[in-house]
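Shown next, in structure tokens, is the structure this report addresses.
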Amino acid sequence: MDKNIELSELRKLLRKNEFTGPTAGFAHGHTQANLVILPKDLAYDFLLFCHRNPKPCPLIEVTDVGSPVPRLTAPNSDLRYEVPKYFIYKKGELVREVNDIETYWRNDLVSFLIGCSFTFEFPLVENGLEIRHIAENRNVPMYITNIPCEPAGVFHGNLVVSMRPFSATDAIRAVQITSRFPSVHGAPIHIGNPEQIGIQNISKPDFGDPVTIKDGEVPVFWACGVTPQSVAMSSKPELMITHAPGHMFITDTKDSSYSIL
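Counting from 1, one number per residue, gives the positions in the sequence shown under the numbering used here.
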């Protein structure tokens with residue numbers, strides 16, 4: 001599919017389940033978001049978890065109870081239909097992958113939109129840096145690390161990171177650029193040896209797809225909004241609905257609004 005498609009047209013395809021792939025590279029200029037949906041009785045604990053772990057879980061919006069409409073960032077959208085693929089977790093187990101969540105929606109659900117590193121990929125590209133998973137038409141590789149998140153209420157688990165390989169020079173530039181976007185994970189949390197953060201095999205990500213790491217390149221790791229899925233597996237909440245990794249909700253908000261420079 002042409003990645004230059006207008007957001008309004010992309011949303012029409014999403015509602016008809018005619019676009020179900022990763023969203024990296026789509027809707028240039030629009031902020032992409034991770035999605036977590038929980039019952040109201042777990043919402044405060046998760047809100048506190050996000051507050052205590054702002055690198056992997058930078059909050060963009062929290063919806064009203066029972067409302068699937070993110071009225072601040074996409075008031076004409078519906079979170080039940082406009083994510084390409086959803087994961088349904090029950091008591092920590094991934095039980096279904098679906099293209100809409102109409103049959104799972106309840107009036108006690110609260111939705112959390114969390115900043116996504118896809119947002120800062122366009123500024124990286126505009127500065128001449130290649131994003132390997134986009135170049136290879138793959139989903140971004142993501143890994144569960146050995147770094148524990150700060151627990152909150154019932155929620156606990158380890159940090160998930162996304163990885164993009166760069167030359168040493170480009171890695172420095174990537175740090176400079178992404179540092180301007182703290183609301184969408186900001187600067188990397190690790191550069192270099194993946195084993196130092198518990199990643200034993202860089203060619204086998206826990207989520208997403210492997211990408212080529214060329215000679216002379218180093219892996220660069222950013223905190224990732226898929227962390228709540230690692231937390232779901234550890235904490236085993238009654239119900240957690242998320243986006244499938246790499247299959248994001250795209251807001252009306254422009255990327256530039258999250259830049260601090």
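Every residue, glycine too, gets a C-beta built ideally from N, C-alpha and C.
Note down, in chain order, each residue of its chain lying with its Cβ closer than 8 Å to the Cβ of residue i, except the 5 sequence neighbours on either side.
| i | result |
| --- | --- |
| HIS30 | LEU7, ILE250, THR251, ASP252, THR253, LYS254 and ASP255 |
| PRO205 | PRO141, MET142, TYR143 and MET163 |
Taking the beta strand (DSSP E) that residue i belongs to, which residues open and close that run?
| i | result |
| --- | --- |
| TYR312 | Outside the shown range of the chain (1 to 261) lies residue 312, about which nothing can therefore be said. |
| THR78 | Sequence check: residue 78 is Asp here, not Thr. Per DSSP, ASP78 belongs to no beta strand (DSSP E) and is neither H nor E. |
| PRO219 | 217-223 |
| VAL62 | 59-62 |
| PHE249 | 249-254 |
| HIS243 | 240-243 |
How would you write the range of the alpha helix (DSSP H) that residue i sits in, first residue to last?
| i | result |
| --- | --- |
| GLU93 | Segment 93-98 is the beta strand (DSSP E) holding GLU93; no alpha helix (DSSP H) there. |
| MET233 | 227-235 |
For residue i, collect the residues of the same chain with a Cβ closer than 7 Å to its Cβ; drop the 5 residues on either side in sequence, then sort them by chain order.
| i | result |
| --- | --- |
| PHE155 | ASP45, PHE46, PHE49, VAL231 and SER235 |
| LYS3 | GLY25 and PHE26 |
| ASN146 | ASN158, ILE197 and GLY198 |
| TYR104 | ILE88 and ILE241 |
| ARG15 | TYR81 and GLU82 |
| SER203 | PRO210 |
Given this structure, state the Cα-to-Cα distance separating residue i from residue j, to the nearest angstrom.
| i | j | result |
| --- | --- | --- |
| ASP209 | LYS12 | 27 Å |
| ALA168 | CYS116 | 24 Å |
| LYS90 | ILE5 | 35 Å |
| ILE131 | PHE120 | 11 Å |
| PRO70 | GLY128 | 33 Å |
| HIS133 | ALA171 | 16 Å |
| ASN53 | THR73 | 22 Å |
| THR212 | ALA223 | 20 Å |
| ASN139 | GLY246 | 6 Å |
| LEU59 | PHE181 | 13 Å |
| PHE19 | GLY216 | 36 Å |
| LEU109 | VAL160 | 24 Å |
| LEU124 | SER67 | 35 Å |
| PRO148 | GLU82 | 31 Å |
| ASN107 | LEU38 | 11 Å |
| ASN76 | GLU9 | 13 Å |
| GLY192 | THR23 | 27 Å |
| ALA135 | LEU42 | 39 Å |
| PRO84 | ASN17 | 7 Å |
| ASP100 | GLN32 | 18 Å |
| GLY153 | HIS51 | 12 Å |
| VAL65 | LYS40 | 7 Å |
Residue i and residue j look like a contact to me (Cβ under 8 Å); what is the Cβ gap, rounded to whole Å?
| i | j | result |
| --- | --- | --- |
| MET163 | VAL226 | With 8 Å as the limit, MET163 and VAL226 do not qualify as a contact, their Cβ atoms being about 12 Å apart. |
| GLY157 | MET248 | That belief does not hold up - the Cβ atoms of GLY157 and MET248 are roughly 21 Å apart, past 8 Å. |
| TYR86 | VAL98 | 5 Å |
| PRO194 | PRO165 | Not quite, the Cβ-Cβ distance comes to about 11 Å (not below 8 Å), so this is no contact. |
With a threshold of 6 Å on Cβ separation, who are the neighbours of residue i within its own chain once the five nearest residues in sequence on each side are excluded?
| i | result |
| --- | --- |
| PHE112 | VAL36 and VAL62 |
| ALA187 | VAL175, THR178 and SER179 |
| GLU238 | none |
| HIS190 | ILE197 and PHE221 |
| GLN229 | THR242 |
| GLU102 | ARG80 |
Using a Cβ-based criterion (distance less than 7 Å to any ligand heavy atom), does residue i qualify as near the ligand FMN?
| i | result |
| --- | --- |
| MET240 | With respect to small molecules bound, the structure shown includes none, and the ligand FMN cannot be examined in it. |
**Item:** Within the region 106-168, ranges of the beta strand (DSSP E) (whole runs, at least 3 residues)
**Value:** 109-115, 142-148 and 158-167
**Request:** Run through the region 13-56 for me and flag every whole beta strand (DSSP E) of 3 or more residues, listed as ranges in chain order.
**Result:** 30-39
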